[in-house]
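Just so we're aligned: the sequence shown equals residues 508 to 624 in our numbering.
Glycine is no exception: its CB is placed at the ideal position from the N, C-alpha and C atoms.
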Amino acid sequence: MENMMKKRIGIIALLLMSAASLPLAAQPMAGMEAQKETEQASHQGTGKVVSVDRARLRIKLAHEPIKSLGWSAMLMDFSVVNASLLNGLREGDAVQFELGKTKQEDLVWVIVKIGRR
Ligand SMILES: [Cu+2]
């Protein structure tokens with residue numbers, strides 16, 4: 508009987524020790540706040556028009572690397588903020604564009620400016 512009591516106390520002591528060594532939960536939050544402040548609101552890119560979908564306000568680009576976003580060159584579908592941005596753009600056009608966010612909390616980048624190079 509006495510042996511079992513000692514064993515139980517030993518287990519409780521171990522649990523308390525591991526709880527005390529957990530890192531503080533507040534620390535990563537402070538780091539995230541600082542990162543948000545230095546985050547850019549817009550990014551510049553260049554590429555080539557692959558296709559234009561005027562009805563859906565979308566454009567497919569083969570874009571070159573966008574270093575400020577850490578993106579490599581790729582084929583990508585973008586939304587544009589308004590239809591007039593697509594005026595005069597055709598498949599094969601070399602373009603430069605600017606990516607922005609429609610809302611501060613949006614995670615998706617949309618084209619806010621685009622023109623032929
Ligand atoms: Cu991309």
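Relative to ligand 1, even the nearest heavy atom lies 6 Å or more away from the CB of residue 616. Between residue 568 and residue 583, the C-beta spacing is below 7 Å. Rounded to the nearest angstrom, the Cβ distance from residue 601 to residue 623 is 7 Å, consistent with a contact under 8 Å. The DSSP-derived three-state label of residue 579 is coil. Residue 592 carries a helical assignment under DSSP once its states are collapsed to helix, strand and coil. Take the alpha-carbon of residue 606 and the one of residue 554: they are about 13 Å apart.
According to the DSSP assignment, residue 615 belongs to no beta strand (DSSP E), since it is labelled neither H nor E. Beta-bridge analysis with DSSP links residue 559 to 566.
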